[in-house]
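So that you can map any letter, position 42 of the sequence shown is 60 in the numbering used here, and since no number is skipped, the others follow by simple counting. Positions of the beta carbon are idealized from the N, C-alpha and C atoms, including for glycine.
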Amino acid sequence: MAALVQTLAVAEHLNFRHAANALGIAQSSVSARVKALEEDLGILLFERHARGVRLTEAGRHFIEQVATGIDQLDHAVRTAGMAGCASASMP
């Protein structure tokens, strides 16, 4: 999950250093996780340049899907907490 969150941050900032700063972690950690994720997937998510990165077409598609999945997971966690509170208060 951390690799996905970090990859989303890089996609948002289009820069490893800015993404790492936003997450409060080391740039080397973000770079290593994104590289490992790319290797696991067998696709290049970002084109690296001296001043930042650019999403590849495959990266853009992957990020869209992951962002949707993270939003759904976040919603499920929030609503599960609400459902638990409601059922706990009902007689």
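For residue i, count the other beta carbons within 10 Å of its own beta carbon; 16 or more makes it buried, fewer makes it exposed. Which is it?
{"i": "L59", "result": "exposed"}
{"i": "T86", "result": "exposed"}
{"i": "G77", "result": "buried"}
Going by DSSP, name the residue or residues bridged to residue i.
{"i": "V71", "result": "R66"}
Return the CA-CA distance between residue i and residue j, expressed in angstroms with no decimal places.
{"i": "A21", "j": "H36", "result": "16 Å"}
{"i": "S47", "j": "M100", "result": "35 Å"}
{"i": "A54", "j": "H93", "result": "28 Å"}
{"i": "I61", "j": "V23", "result": "18 Å"}
{"i": "A50", "j": "E57", "result": "10 Å"}
{"i": "A38", "j": "A98", "result": "30 Å"}
{"i": "Q45", "j": "R96", "result": "30 Å"}
{"i": "L73", "j": "E65", "result": "6 Å"}
Between the Cα of residue i and the Cα atoms of the options, which residue gives the shortest distance?
{"i": "V28", "options": "V71, A98, V95, V84", "result": "V71"}
{"i": "A68", "options": "N33, T25, M19", "result": "N33"}
So residue i packs on residue j, CB below 8 Å; how close in whole Å?
{"i": "R52", "j": "L41", "result": "Reading off the sequence shown, one finds Val at residue 52, where the question assumed Arg. Not confirmed; about 12 Å, so no contact."}
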